[in-house]
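These notes concern the structure reproduced below.
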Amino acid sequence: MATCQDDPGKARDSEVTAAPCEGNAVLRGSPLGAPADMDRIVTVQDIEQVLKLCKGSHYDHYLPTADWEVRSGRRLRVFRWSHRTRVAE
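Everything in the sequence shown is counted per our numbering, starting at 191 for the first residue and increasing by one.
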């Protein structure tokens, strides 16, 4: 089975920095089976582009929204989960 772990052009979940008080974006929503109410604060390179996170054999896609949120004095861009795609073999 192909994985996205060796794809240098895509963000791996471990490369998206998660920190409780830092970051520039908040990820909302999730695929079925994951907690829908769990927000993740992360740091992304470009807050204007679709975020494609590598999750082993698939990618989770998050779209930037027009919404912003302030947490701990930091302005965060809100990204909403859009869909999941499988890695091509």
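Glycine is no exception: its CB is placed at the ideal position from the N, C-alpha and C atoms.
Here the structure is a predicted model, which means the values were calculated and not measured.
Assigned secondary structure, residue i (DSSP; H/G/I helix, E/B strand, else coil)
{"i": "residue 259", "result": "strand"}
{"i": "residue 272", "result": "strand"}
{"i": "residue 264", "result": "strand"}
{"i": "residue 245", "result": "coil"}
{"i": "residue 232", "result": "strand"}
Assumed close pair residue i, residue j - CB separation to whole angstroms, cut-off 8 angstroms
{"i": "residue 231", "j": "residue 261", "result": "7 angstroms"}
{"i": "residue 218", "j": "residue 258", "result": "Rounded, the Cβ-Cβ distance is 12 angstroms, inconsistent with contact."}
Rounded C-alpha distance that separates residue i from residue j
{"i": "residue 256", "j": "residue 268", "result": "7 angstroms"}
{"i": "residue 234", "j": "residue 244", "result": "14 angstroms"}
{"i": "residue 229", "j": "residue 248", "result": "20 angstroms"}
{"i": "residue 250", "j": "residue 212", "result": "22 angstroms"}
{"i": "residue 253", "j": "residue 215", "result": "11 angstroms"}
{"i": "residue 277", "j": "residue 241", "result": "16 angstroms"}
{"i": "residue 273", "j": "residue 266", "result": "21 angstroms"}
heavy atom of the ligand MG below 6 angstroms from residue i C-beta
{"i": "residue 255", "result": "Ligands displayed in this structure: none; no statement on the ligand MG is therefore possible."}
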